[in-house]
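S.K.: Residue numbers (the numbering used here): 596 to 947.
Just so it is clear, CB atoms sit at the ideal spot from N, CA and C, and this is done for glycine as well.
The model shown is predicted, which means the values in this text are computed figures rather than measured ones.
#1: Assuming residue 886 and residue 807 are in contact, meaning their beta carbons sit under 8 Å apart, how far apart are those beta carbons, in whole angstroms?
#2: Could you pull out every residue in the same chain whose Cβ sits closer than 6 Å to the Cβ of residue 748, ignoring the five residues on either side in sequence?
#3: Could I get the ranges of all uninterrupted beta strand (DSSP E) runs contained in the stretch 699-735, with 3 residues as the minimum, in chain order?
#4: Please name the residue or residues paired with residue 842 in a DSSP beta bridge.
#5: Take the Cβ of residue 724 as the centre, count every other Cβ of all protein chains shown within 10 Å, and call the residue buried at 16 or more, exposed below.
#6: My guess is that residue 789 and residue 741 are in contact by the Cβ rule of under 8 Å, so how many angstroms apart are they, rounded?
#7: Looking at the structure shown, is residue 909 part of a helix, part of a strand, or coil, going by DSSP?
#8: Go ahead and pull the three-state DSSP assignment for residue 762.
#9: When the Cα of residue 705 is compared with those of 752, 729, 734 and 694, which residue comes out closest?
#10: Going by C-alpha distance, which of 649, 641 and 637 is nearest residue 940?
#11: Report yes if the CB atom of residue 816 is closer than 8 Å to the CB atom of residue 861, and no otherwise.
#12: Count the C-beta pairs between the stretch 638-645 and the stretch 659-677 that are closer than 8 Å, then say yes if the count reaches three, no if not.
#13: Might you give, ordered along the chain, the residues of its own chain that have their beta carbon closer than 8 Å to the beta carbon of residue 884, omitting 5 neighbours on each side?
#14: Look at residue 654 and residue 700 and say whether their C-beta atoms are less than 8 Å apart.
#15: Could you check the C-alpha separation between residue 739 and residue 697 for me, to the nearest Å?
#16: Pick from 793, 902, 864 and 829: whose alpha carbon is nearest that of residue 774?
#17: Contact between the stretch 873-883 and the stretch 833-844 is defined here as three or more beta-carbon pairs at a separation below 8 Å; is this criterion met?
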């Protein structure tokens, strides 16, 4: 036996006054829906690519001296922006990686070229257009996070890996010592909190302007900063200077015996602005600029080895006694640092 079924959209109950208030059916088929991505859709999404021509500067100081660099980086970037036009809120995300880095670095050992390196970052913002028109234009507060790695190849700075006098060899005729060594790259990581104001203005159907100005109340900074600061003794060895130091004759008498680790915090400001034009529907091309700046203080921790000259125990002109070796750990506090990157941006974006 089959029971009759009543559909929710069925509205033929005889007299209209006796008919229940069921909803009516959709007026169009799902294949004909057009709201997604058009002016009536409350969710608006942009995604695309950017090129950042970025100039950079970096400076870190410890008791061994200051390492400062200037560079030019060519950076490719992906970006995403999602707007909810009902609540006037938005979210953005970016990720970038350098394609080429070049410049100069100044160290206690001299000035050298930068021929490579790495700049990388990833981050996101959340914002509310408190004063908005519900159609993408507005201005309001934003909060964001940025991870920023700044690693121009300033050269791998040298330190000795010797842990005792037994690790040091020497020439029995000249008394020249030979220290085992390694090197560390100059590499800084920053975890950045961003608080500021963001705005967007649509100028008709073709042009738009976007801008963000953010203060950085706190940035956690860590990494390694290589500092070459060897001291020499000429008491025994009087030949050519020991490689890689070509400015003083003698044995190395004091040298760092670990990478120099950086740990500190800073503050600063960040800003960017774009002017866009929409040549065709859903495609926008923008030109703009961006600047990031951090400064603060950091502690530098490292180990240092003090090495003596080999001895001639029986005074026969042949060195036969191992040099002395003493190692200690040190910390240099409140060392100033600064990081800067700024330049022009070009963007191509698709909206849906």
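M.R.: To lay it out plainly:
#1: Incorrect: roughly 11 Å between the Cβ atoms, too far for contact.
#2: 709, 711 and 712
#3: Segments of the beta strand (DSSP E) lying fully in the stretch 699-735: 705-709 and 712-723.
#4: BP columns for residue 842 are empty, so no partner.
#5: When all chains shown are included, residue 724 counts as buried.
#6: 6 Å
#7: coil
#8: The three-state reading of DSSP puts residue 762 in helix, counting H, G and I together.
#9: 752
#10: Residue 940 has its Cα closest to that of 649, out of 649, 641 and 637.
#11: yes
#12: yes
#13: 867, 868, 937, 938, 939 and 940
#14: no
#15: 29 Å
#16: The residue among 793, 902, 864 and 829 with its C-alpha nearest the C-alpha of residue 774 is 902.
#17: no
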